[in-house]
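Encoded as structure tokens, the structure appears first; notes follow it.
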Amino acid sequence: MSNQYVSRVVETLKKRYPGEAEFHQAATEVLDSLTPVIKKNKEIEQAGILERITEPERQIIFRVPWVDDSGKVQVNRGMRIQYNSALGPYKGGIRFHPSVNTSIIKFLGFEQIFKNSLTGLMMGGGKGGADFDPKGKSDNEVMRFCQSFMTELYRHIDADTDVPAGDIGVGAREIGYMFGQYKRIKNIYHGILTGKGLLYGGSLARTEATGYGCVYFCEEMLKDRKSSFEKKNVVVSGSGNVAIYAAQKAMSLGAKVIAMSDSSGYVYDANGIKLDVVKRLKEVERKRISEYAKEVKSAKFKDGCSGIWTIPCDIALPSATQNELDEKAAQTLIKNGCVAVAEGANMPSTPEAVKVFLDAKIAYGPGKAANAGGVATSGLEMAQNSQRLSWTFDEVDTKLHQIMVNIHETAKNAAKEYNTPGNLVNGANIAGFLKVAKAMIAHGVV
Ligand code: NDP
Ligand code: 2IT
């Protein structure tokens with residue numbers, strides 16, 4: 007359902023930015039949800055809020071030259087999209103993956119505006135990245151790349167301006183190299199990145215936060231249905247940062263995680279995935295998930311990552327990448343008895359798959375609500391850096407848990423208020439949007 011103002015803005019975006027499919031998808035999804043809000047509040051159209059909120063405040067695109075181990079010069083394309091600063095400094099991750107382009111970084115930056123608003127912390131939205139593939143690169147190559155990336159990025163970020171973090175392909179190692187280079191260039195030691203190592207300003211529980219937060223969110227959806235993770239079979243796609251800690255928290259709540267994946271395929275282990283093996287293979291040895299099946303005899307490896315959704319499960323936690331779960335996969339999940347889907351990844355379900363979940367009225371938590379625990383804990387890392395203090399793991403985890411409970415409640419209430427009870431897509435989009443829109447109106451035409 008869409009009104010004329012929404013259709014006009016979406017059409018203009020498609021004309022102005024042809025070929026940005028992921029961005030069109032993300033913008034259309036959010037704007038369509040906003041129809042009842044726009045009807046109720048005429049000021050939104052008068053103030054051009056949709057035109058402004060869909061256009062990044064600033065886009066920085068730059069060359070990243072670096073020297074590989076053979077001495078050859080390589081060049082990648084780096085970018086940072088500073089999308090919206092109505093609620094605070096731009097905040098959002100950096101992705102290093104060969105697929106990175108403006109469409110992907112814009113979709114992620116756009117989603118980040120509403121996600122960050124939902125956390126209740128003072129953070130605007132942004133995203134960055136490069137089409138660099140860390141896979142198969144030596145530590146030294148990764149270091150030289152990160153140093154070159156930061157040699158341009160440093161002039162655009164600051165603790166109160168724009169605070170990047172990790173995302174696909176950017177973890178503790180990359181954040182460390184980028185932090186070191188920033189400090190060297192600027193001679194300032196402050197919290198310009200989050201997801202830092204614990205020795206130099208990182209927050210306890212940030213590593214775990216996105217995955218834990220996703221499970222906390224899912225737990226709230228299950229509670230509303232008088233259910234829990236106890237004795238449930240869970241499928242988690244991906245085997246990176248988000249997937250590993252979503253699996254860990256689900257297991258600690260009594261669930262059995264029976265499958266995980268990477269971009270080449272998935273492992274199924276009816277006895278329950280041994281997470282210590284996955285952690286060693288992925289976090290320490292940087293190997294493929296197929297190695298898991300060579301080590302653990304009860305497991306089977308299958309080529310192709312999308313097959314993971316054919317495994318019967320009670321709960322699915324898509325935690326790999328965008329559009330990894332399509333309509334057919336959604337139908338198969340429902341047919342096999344899946345009752346809850348909480349998105350650890352950003353936009354992992356296609357629009358058709360989302361429709362299947364909403365029509366079936368299963369518990370469905372969209373990424374911008376369900377995976378907000380990562381950026382929320384980044385916000386807590388910024389607060390600790392400003393105070394020059396470190397909170398304990400339990401303090402951070404308790405705050406994270408409360409934030410996820412609040413986000414669920416906020417999205418649920420907004421869905422009800424705008425006449426689509428239970429639809430957390432509408433609820434999250436509306437609640438996230440309203441705060442940003444009101445701040446933008448207060449700031450005047452900027
Ligand atoms: P990682 O790089 O740690 O892990 C990514 C995982 O997803 C890997 O298993 C990777 O497999 C898989 N993957 C990546 N691209 C594809 C693809 N095209 N097809 C299938 N699988 C793929 O990243 P994160 O765990 O940090 O991020 C996962 C998702 O969570 C992303 O959507 C990210 O935007 C989102 N997210 C991350 C947050 C964070 O704090 N890190 C916060 C909120 C959301 P392979 O190794 O084969 O590439
Ligand atoms: O998509 C995301 O929310 C992230 N990659 C985390 C961003 C952050 O600033 O912690």
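The opening residue of the sequence shown carries number 7 in our numbering; numbering runs sequentially from there.
Quick reminder that beta carbons are idealized off the backbone N, C-alpha and C, glycines included.
query	result
Determine the extent of the alpha helix (DSSP H) in which G99 is found, giving its start and end residues.	Not the alpha helix (DSSP H): G99 falls in the beta strand (DSSP E), residues 96-102.
Considering only their Cβ atoms, is the gap separating M410 from F223 smaller than 8 Å?	yes
Let me check understanding here. Comparing Cα to Cα, which of I111, A265, N146 lies closest to P318?	A265
If you run the structure through DSSP and keep just helix, strand and coil, what is A256?	helix
Could you check which residue in K285, W315, Y272 has the C-alpha nearest to that of S3?	Residue 3 cannot be examined here, being either before or after the span of the chain that is shown, 7 to 452.
Can you tell me which of the three DSSP states R64 falls into?	strand
Measuring only the C-alpha atoms, how far is G94 from G77?	42 Å
On a CA-only basis, which of G313, T356, M184, Y11 is nearest G54? Give me that one, please.	Y11
Would you mind stating whether S245 and S270 have Cβ atoms separated by less than 8 Å?	no
Among the residues of its own chain, which have a CB less than 8 Å from the CB of K293, if the five just before and after it don't count?	L287
If you pair each beta-carbon of the stretch 87-103 with each one of the stretch 432-444, do three or more pairs fall below 8 Å?	yes
Report yes if the C-beta distance between I100 and P24 is below 8 Å; otherwise report no.	no
If we ignore side chains and look at the alpha-carbon of each, how far apart do V73 and D173 end up?	24 Å
At which residues does the alpha helix (DSSP H) containing F120 begin and terminate?	108-124
For R212, is the classification buried or exposed, using 16 other Cβ atoms within 10 angstroms of its Cβ as the cut-off for buried?	buried
Since I believe Q31 is in contact with M353 (beta carbons under 8 Å), could you give me their beta-carbon distance rounded to a whole number of angstroms?	7 Å
Which partner residues does M266 have in the DSSP bridge list?	V273
Please name the residue or residues paired with N239 in a DSSP beta bridge.	K262
From V241, P62, E291, K374, pick the residue whose C-alpha is nearest to that of D275; which is it?	V241
Return the CA-CA distance between A33 and M388, expressed in angstroms with no decimal places.	28 Å
Can you tell me the Cβ-Cβ gap for A27 and S109, rounded? I've got them flagged as a contact below 8 Å.	6 Å
Using CA coordinates, which residue listed in A376, F399, I413, N425 is at the minimum distance from V6?	Residue coverage of the chain in this structure runs from 7 to 452, which leaves residue 6 outside it and unanswerable.
Using a 10 Å radius around the Cβ and a threshold of 16 neighbouring Cβ atoms, would you call P324 buried or exposed?	buried
Under a Cβ-count criterion, where at least 16 other Cβ atoms within 10 Å of its own Cβ denotes burial, should S209 be classed as buried or exposed?	buried
Compute the distance between the beta-carbons of G131 and N122, then report whether it is under 8 Å.	yes
Return the CA-CA distance between V540 and K192, expressed in angstroms with no decimal places.	In this structure the chain extends from 7 to 452, so residue 540 is not present and cannot be described.
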